[in-house]
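Residue numbers (the UniProt record's numbering), protein chains in the order written: chain Y, 1 to 682; chain X, 1 to 359.
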Amino acid sequence: MSYTQRETPILAELCTFLVGDVYGELAARVYSVLARHGRQSLAAIARASYLNGRQIKYGLVILLQQHLIFHSGNDGPLTYYEIDWENSYGIVRFGKVTKLVEDRYGPKAANVMSNLLALGHTRIADLKEAYFPPETDSGDESDDGATNGAGSKRKRTNGAGVNGSAKTNGVANGIPSELDAAKPHTSDLVNGDGQPNGVHKPSKVDRLTHNAAPEEPGRDQGDSDMTSVDELYNLIQRLIEHGWIRTVTETQYLSPGDIHDMLYQESIEQDNHGITPTGAKDKETVNRGTLRRKRAMRDEWSSVPTFVRRGRANGSNKRIKTNGAAGGSAASSASSSDDDLVIRVNPEKIAVAMRTEQLVHLVQQRLGSVTARVYQTMLRMLESQTPRCWDEWSEPSDEPSAENGVDLRFLVTARDVATKLSRDRDLDMLEGLDPNVAVQITRKGHVSRTNVWTQPTDPSKLSLEEKTKAVDKHIQMLAEDPFHFVTWHSRAGFSQWHIEFGEIAKQMIQNEVENTVAAKKGSLGVKLIRALKKKGKLDERATCNVMMMSAPDIRGVVNDLTLQGFVQTQEIPKHDRREAKTSLHFVWYDRQRAREKLLHDTYKGMVRILQRIAYEREKVQFLLTKAERSDVVGNEEKWLSKGELDALRKWKEVQEKLLLQLFREDDLVATLRDFHGPLVSA
Amino acid sequence: MASAVASFPAPKDEPAVDADEVVSPAEALYDKCAQRPAGQIFFQRDLSNMQVAETITQLTSILQELCDRHLLKLMTLEGEPCWKLRSRSDADKLRRLTPDERLLYHHIDQVQAEGIWSKALRGRTNVTQQTLTKCLKSLESKDLVQSVMSVKFPNRKMYLLKHLKPSEDIAGGPWQSEGDFDVALIDTISGIVAQHIENETCIKVPGNWNDYEQAIAQKKAAVQGMRDMEDLAPAVKPYRPRRDPNTSRLVHRNAPQYPTAASVADWLNSKEILRGKFVREEDMEQLLEMMVLDNRLEKISGTNYRTVLTATDTKVYNGFADAPCGNCPVFDLCGDEGEISARTCVYFGQWLETESEEI
Chain Y
1 MSYTQRETPI LAELCTFLVG DVYGELAARV YSVLARHGRQ SLAAIARASY
51 LNGRQIKYGL VILLQQHLIF HSGNDGPLTY YEIDWENSYG IVRFGKVTKL
101 VEDRYGPKAA NVMSNLLALG HTRIADLKEA YFPPETDSGD ESDDGATNGA
151 GSKRKRTNGA GVNGSAKTNG VANGIPSELD AAKPHTSDLV NGDGQPNGVH
201 KPSKVDRLTH NAAPEEPGRD QGDSDMTSVD ELYNLIQRLI EHGWIRTVTE
251 TQYLSPGDIH DMLYQESIEQ DNHGITPTGA KDKETVNRGT LRRKRAMRDE
301 WSSVPTFVRR GRANGSNKRI KTNGAAGGSA ASSASSSDDD LVIRVNPEKI
351 AVAMRTEQLV HLVQQRLGSV TARVYQTMLR MLESQTPRCW DEWSEPSDEP
401 SAENGVDLRF LVTARDVATK LSRDRDLDML EGLDPNVAVQ ITRKGHVSRT
451 NVWTQPTDPS KLSLEEKTKA VDKHIQMLAE DPFHFVTWHS RAGFSQWHIE
501 FGEIAKQMIQ NEVENTVAAK KGSLGVKLIR ALKKKGKLDE RATCNVMMMS
551 APDIRGVVND LTLQGFVQTQ EIPKHDRREA KTSLHFVWYD RQRAREKLLH
601 DTYKGMVRIL QRIAYEREKV QFLLTKAERS DVVGNEEKWL SKGELDALRK
651 WKEVQEKLLL QLFREDDLVA TLRDFHGPLV SA
Chain X
1 MASAVASFPA PKDEPAVDAD EVVSPAEALY DKCAQRPAGQ IFFQRDLSNM
51 QVAETITQLT SILQELCDRH LLKLMTLEGE PCWKLRSRSD ADKLRRLTPD
101 ERLLYHHIDQ VQAEGIWSKA LRGRTNVTQQ TLTKCLKSLE SKDLVQSVMS
151 VKFPNRKMYL LKHLKPSEDI AGGPWQSEGD FDVALIDTIS GIVAQHIENE
201 TCIKVPGNWN DYEQAIAQKK AAVQGMRDME DLAPAVKPYR PRRDPNTSRL
251 VHRNAPQYPT AASVADWLNS KEILRGKFVR EEDMEQLLEM MVLDNRLEKI
301 SGTNYRTVLT ATDTKVYNGF ADAPCGNCPV FDLCGDEGEI SARTCVYFGQ
351 WLETESEEI
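This is the structure we're talking about:
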């Protein structure tokens with residue numbers, strides 16, 4: 001089974017919560033059936049739930065639109081549905097994604113991303129129309145009688161989900177036919193009654209013309225308003241090129257198991273002449289073939305489509321003509337072939353960006369802010385070339401020598417970093433360095449006995465050469481750190497470095513395990529974990545020797561950590577009589593086990609936080625309903641009593657605190673789960 | 001070093017004669033030897049120079065007598081016989097031993113500070129287990145031998161003479177006393193070593209080390225304005241914390257001589273902090289490795305160590321450990337509903353300062 005598709009009951013609970021929170025009760029009900037029963041057909045879902053067929057189909061459409069479930073395609077006699085755990089969990093990262101994109105590409109790109117997240121996969125044309133409505137759309141925007149009662153942002157998401165699904169049939173090319181058949185019913189459902197999902201849009205929205213969510217994406221954006229269609233197209237293209245957005249193809253709807261079966265068969269037919277492999281060598285060939293096909297398929301997902309640039313500047317008309325694209329007119333109302341492209345957010349890239357953020361944070365804690373800034377620059381330079389943190393389908397590594405040469409694209413030179421950083425005049429490049437280095441770089445003055453530079457120099461007036469030298473020193477500090485944040489490669493361009501993400505990710509996992517143990521058991525627990533990690537299996541006496549402590553001092557912490565599942569114990573009898581007295585008793589630490597245990601605990605902690613939010617909301621539910629009345633909104637001071645206002649403020653504080661903690665736990669999940677594949681313990 | 005050799009089949013040439021003085025020559029010789037510094041080793045020429053015995057034959061017989069009475073101990077140094085004095089009380093004790101006990105004592109004596117395992121002792125002497133246990137017990141009660149738990153083999157009892165200090169092989173290195181780690185000593189020494197390594201690898205940089213703003217005197221007013229702005233909105237310039245001349249920060253030295261186990265051991269030995277104990281390179285490596293586990297040092301390359309520095313003072317763990325669930329004693333019992341759940345959680349209540357559901 002695919003590593004990322006193994007689900008635990010607690011993850012199922014967490015994801016059901018998230019789905020319910022964002023997409024409403026119906027979707028969550030269908031989702032929870034799939035979560036509890038695993039891969040199911042439509043009929044089986046109907047049997048396992050109290051919902052009727054139409055409701056289920058409707059729920060499935062929402063889930064499919066958001067890529068929360070896989071389906072087995074239209075080929076088989078029966079379509080099976082299966083949860084996509086990674087994407088489901090990804091719901092918790094929506095806010096973070098917007099922030100990450102904003103930091104890198106500005107508020108407008110962030111706005112596009114947040115719309116894509118809200119809408120699920122979207123045709124470019126729909127996105128365009130969302131920004132530039134072709135006619136005056138009378139979708140009444142203020143009408144959101146949400147039952148979910150969350151902040152306004154979440155309500156918007158709710159509505160978008162519904163709207164998107166209403167016309168999914170036209171948009172997505174991957175909806176199974178049995179749901180297609182339910183198309184008219186679906187639309188009835190949207191406009192009809194008994195819809196638990198909150199926002200309804202009037203049916204004026206013409207489904208067949210794929211009128212995208214009349215949801216007003218630009219409503220609360222202020223200065224991030226999109227000024228022209230071209231700007232939107234450029235942004236989308238840039239995001240696709242950098243791997244943040246990918247095009248949707250039908251294979252993305254297949255679960256990893258289905259993909260494997262399909263490509264395995266293909267590999268058998270093409271690599272092994274259609275004979276099921278029996279020998280070890282044949283199996284090897286076919287497995288390799290399968291992996292190769294998987295990689296090829298995945299690369300195809302993220303390949304940049306050839307964009308037909310329209311009306312970009314003068315002379316572009318000519319190119320359009322040459323390209324022979326549909327709709328030669330440069331007018332923004334015309335449609336081009338790009339418009340049928342369906343795009344969605346690429347979840348793998350999110351993990352890459354999160355890794356960057358966390359590494360920078362780690363460096364900031366260990367080496368200081370300026371070094372962190374240097375590292376951030378290096379990482380961001382590499383980011384656009386890094387499609388994912390780790391490759392699930394990588395070539396089996398029996399020939400590592402071929403990989404030894406580092407791809408030139410993954411090298412960063414000190415000069416590049418210095419050039420980028422020299423634009424920032426506020427950055428004191430010499431901070432965090434040994435003063436002697438500053439002297440060495442500038443060749444001015446010397447360092448007094450109190451370590452004060454005798455010839456102070458304004459860091460912003462350093463020449464590029466000097467800055468490069470300073471950057472190089474910062475990079476050397478990164479390289480010397482036990483984390484080995486960077487690795488030296490060659491002398492070209494002052495100094496050329498690459499980053500061994502795999503090794504760093506392993507250490508980050510270890511670091512988080514140690515942090516957790518430190519919080520629970522103090523430094524003694526960390527010492528034990530580190531000792532066991534370094535030495536392997538130890539009996540009591542050897543443990544004492546390594547830690548230089550007496551046995552009674554250690555026993556307690558060994559016991560506690562064993563109970564919490566961070567270390568394991570083992571008893572090996574010496575004689576066949578298995579006397580406890582003569583047996584050997586070992587303690588050991590397994591990174592992968594500790595990692596999964598901590599991941600599991602973190603999921604559980606997240607569930608508890610969501611439950612607590614629900615409970616806290618329940619307590620102020622009445623007040624919230626009042627505060628959300630249309631006559632109260634905006635006039636809170638006027639209609640609410642002081643006590644009510646205080647309670648409202650307290651609720652906001654509590655919610656904020658809990659959500660912040662939730663996002664921090666998500667950071668931990670990213671470190672533990674997304675940055676590195678399964679660790680095979682040595 | 002004089003190595004002990006069998007004192008039993010001592011050369012015996014002639015029977016003792018001419019011993020009709022008031023003080024026997026044997027006693028006289030013993031007294032003369034006792035006047036010398038304790039622990040001295042006597043060769044035949046030293047003894048004949050004492051002019052107690054008139055002839056070599058007489059000297060031999062006197063020595064034989066003293067050996068028989070356990071007042072002297074015969075040893076050899078580079079093939080030459082030599083003798084060492086025993087105290088009268090020790091000799092007295094030895095005289096009262098049974099032959100079995102004496103045999104065992106002799107073997108224990110031979111191994112000196114290394115000690116001998118009771119099983120090995122039995123193998124060498126061929127006595128029965130009961131005799132062995134009985135004799136060892138009586139030797140111990142007579143304060144002639146001591147038993148020590150081996151550090152290498154914790155279930156082995158090693159025997160050695162009472163007055164000897166167990167060697168490092170069985171009692172452990174300088175960090176151990178009586179078979180256990182001397183925690184107080186280790187704490188003190190590791191503190192000293194940590195300070196030493198910090199001095200070697202880090203440099204304390206005052207906040208105003210590069211005080212170019214002060215240096216430009218005419219721009220002082222402007223500088224003042226800038227400072228004010230920084231005070232008001234520090235978040236705007238996240239990469240430029242205020243320079244306070246009174247604060248200082250430790251940073252790693254540029255290309256220092258990183259200490260190794262050998263260099264630190266040399267330094268510690270030269271300082272003579274551990275009185276009477278010599279710290280070998282292995283002992284120091286053990287200590288340094290332990291400090292790495294303790295997160296006080298970090299390993300730079302195969303053998304080099306340096307101090308662990310953190311840029312921030314506040315300790316944050318991670319999203320999970322900082323939440324109430326991370327340290328919850330009943331985390332494993334906590335369910336979706338029931339007596340222990342998110343609704344009823346007292347820890348969430350404390351953390352958020354809100355009321356939890358009463359059970």
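Even for Gly, the Cβ is constructed at its ideal location relative to N, Cα and C. Values in this document were obtained by computation on a predicted structure and should not be read as measured data.
**Message:** Quick check: is the beta carbon of residue 183 of chain X nearer than 9 Å to any beta carbon in chain Y?
**Reply:** Yes, because at least one Cβ of chain Y sits closer than 9 Å to the Cβ of residue 183 of chain X.
**Message:** Could you give the first and the last residue of the continuous alpha helix (DSSP H) run that contains residue 55 of chain X?
**Reply:** Segment: none, residue 55 of chain X is in no alpha helix (DSSP H) and carries neither H nor E.
**Prompt:** Under a three-way DSSP split, which group does residue 586 of chain Y fall into?
**Reply:** Looking at residue 586 of chain Y - three-state DSSP - the assignment turns out to be strand.
**Message:** Which residue marks the beginning of the alpha helix (DSSP H) containing residue 265 of chain Y, and which one marks its end?
**Reply:** Residues 256-271.
**Request:** For residue 137 of chain X, count neighbouring Cβ atoms within 10 angstroms of its own Cβ and tell me buried if that reaches 16, exposed if not.
**Result:** Exposure of residue 137 of chain X is indicated by the presence of fewer than 16 other C-beta atoms within 10 angstroms of its C-beta.
**Request:** For residue 266 of chain Y, go through chain X and note every residue whose CB falls closer than 7 Å to its CB, in chain order.
**Result:** Those do not exist, as residue 266 of chain Y stays about 42 Å from chain X at its closest Cβ, beyond 7 Å.
**Request:** Go ahead and pull the three-state DSSP assignment for residue 139 of chain Y.
**Result:** At residue 139 of chain Y, the pLDDT of 41 sits below 50, so the modelled position is not reliable; the number obtained from the coordinates is stated separately. Residue 139 of chain Y sits in coil when the DSSP states are folded into three classes, being neither helix nor strand.
**Request:** Helix, strand or coil for residue 97 of chain X, going by three-state DSSP, please let me know.
**Result:** Here residue 97 of chain X carries a coil assignment [DSSP, helix/strand/coil].
**Message:** As a quick exercise: from Y/43, Y/475, Y/229 and Y/561, pick the residue whose alpha carbon is nearest that of residue 132 of chain Y.
**Reply:** The residue with the shortest Cα to Cα distance from residue 132 of chain Y is Y/229.
**Asked** For residue 117 of chain Y, which residues from the same chain have a beta carbon less than 7 Å from its beta carbon, with the 5 sequence-adjacent residues on both sides left out?
**Response** Once the five neighbours on either side are set aside, the close Cβ partners of residue 117 of chain Y are 94, 97 and 345.
**Message:** Less than 6 Å between C-beta atoms, sequence neighbours within five positions excluded: which residues of the same chain meet that for residue 284 of chain X?
**Reply:** Closer than 6 Å at the Cβ level, and outside the excluded window around residue 284 of chain X, lie 261, 264 and 265.
**As assigned by DSSP and simplified to three states, the class of residue 297 of chain X** = Strand, per DSSP.
**Item:** CB contact below 9 Å: residue 351 of chain X versus chain Y
**Value:** Yes, because at least one Cβ of chain Y sits closer than 9 Å to the Cβ of residue 351 of chain X.
**Request:** With a threshold of 16 other CB atoms inside 10 Å of the CB of residue 675 of chain Y, please say whether the residue is buried or exposed.
**Result:** Of the other Cβ atoms in all chains shown, 16 or more fall within 10 Å of the Cβ of residue 675 of chain Y; this residue is therefore buried.
**Message:** Within 10 Å of its beta-carbon, does residue 108 of chain X have 16 or more other beta-carbons around it, so buried, or fewer, so exposed?
**Reply:** Its Cβ being crowded by 16 or more others within 10 Å, residue 108 of chain X is buried.
**Asked** Over what stretch of residues does the alpha helix (DSSP H) that includes residue 361 of chain Y continue unbroken?
**Response** It spans 347-367 - the alpha helix (DSSP H) in which residue 361 of chain Y sits, taken as one unbroken run.
**Prompt:** In three-state terms, what does DSSP make of residue 683 of chain Y?
**Reply:** Here chain Y has residues from 1 to 682 only, and residue 683 of chain Y is not among them.
**Request:** Inspect the beta-carbon positions of residue 426 of chain Y and residue 254 of chain X and report whether they are closer than 9 Å.
**Result:** No.
**Asked** For residue 453 of chain Y, which three-state DSSP category applies?
**Response** The answer is strand: DSSP assigns residue 453 of chain Y an E or B state.
**Request:** Check whether the stretch 274-287 of chain Y touches the stretch 227-246 of chain Y, counting contact only when three or more Cβ pairs, one atom from each stretch, lie closer than 8 Å.
**Result:** No, the stretch 274-287 of chain Y does not touch the stretch 227-246 of chain Y.
**Request:** Compute the beta-carbon to beta-carbon distance between residue 125 of chain Y and residue 340 of chain Y, rounded to the nearest angstrom, for a pair I have assumed lies under 8 Å.
**Result:** The beta-carbon separation of residue 125 of chain Y and residue 340 of chain Y, rounded to 7 Å, stays under the 8 Å limit for a contact.
**Request:** Check the Cβ-Cβ distances between residue 191 of chain X and every residue of chain Y, and say whether any is below 9 Å.
**Result:** No - not a single Cβ of chain Y is within 9 Å of the one on residue 191 of chain X.
**Message:** Suppose the cutoff is 7 Å on Cβ atoms and the five residues either side in sequence are ignored; what does the same chain contact list for residue 302 of chain Y look like?
**Reply:** If the five residues before and after residue 302 of chain Y are omitted, its C-beta is found closer than 7 Å to the C-beta atoms of 243, 246, 346 and 387, all from its own chain and listed in chain order.
**Prompt:** To the nearest angstrom, how far is it from the Cα of residue 58 of chain X to the Cα of residue 50 of chain X?
**Reply:** If I take the Cα positions, the gap works out to 13 Å.
**Request:** Let me know the secondary structure DSSP gives residue 500 of chain Y once reduced to three states.
**Result:** DSSP places residue 500 of chain Y in coil when its eight states are reduced to three.
**Message:** Taking the alpha carbon of residue 354 of chain X as the reference point, which residue from Y/10, Y/650 and Y/384 has its own alpha carbon closest?
**Reply:** The candidate whose alpha carbon is nearest that of residue 354 of chain X is Y/650.
**Request:** May I have a chain-ordered list of the beta strand (DSSP E) segments no shorter than 3 residues that lie completely inside the stretch 238-293 of chain X?
**Result:** The qualifying runs are 248-252.
**Asked** Got a sec: is the Cβ-Cβ distance from residue 652 of chain Y to anything in chain X below 9 Å?
**Response** Judged by the 9 Å Cβ criterion, residue 652 of chain Y is not in contact with chain X.
**Prompt:** Along the chain, where does the alpha helix (DSSP H) that runs through residue 228 of chain Y open and close?
**Reply:** First-last for residue 228 of chain Y: undefined, no H or E at that position.
**Message:** According to DSSP, residue 343 of chain Y sits in a beta bridge with which residue or residues?
**Reply:** Y/122 and Y/247.
**Prompt:** How many whole angstroms separate the CB atoms of residue 351 of chain Y and residue 670 of chain Y, which I take to be in contact at a CB cut-off of 8 Å?
**Reply:** The distance from the Cβ of residue 351 of chain Y to that of residue 670 of chain Y is about 6 Å, consistent with a contact at the 8 Å cut-off.
**Message:** Give me the subset of the stretch 50-79 of chain Y whose CB atoms are less than 9 Å from a CB atom of chain B, sorted by chain position.
**Reply:** Structure shown: chain B not included; protein chains present are Y and X.
**Asked** How many angstroms separate the CA atom of residue 275 of chain X from the CA atom of residue 282 of chain X?
**Response** So the two alpha carbons sit approximately 18 Å from each other.
**Request:** Could you tell me if residue 360 of chain X is buried or exposed, where buried requires 16 or more neighbouring beta carbons within 10 angstroms of its beta carbon?
**Result:** Outside the displayed span of chain X (1 to 359) sits residue 360 of chain X, for which this structure offers no information.
**Prompt:** Among all the DSSP beta bridges, which residues are the ones paired with residue 568 of chain Y?
**Reply:** Beta-bridge pairing links residue 568 of chain Y to Y/588.
**Request:** Determine the burial state of residue 652 of chain Y: buried for a count of at least 16 other Cβ atoms within 10 Å of its Cβ, exposed for fewer.
**Result:** Flag for residue 652 of chain Y reads exposed.
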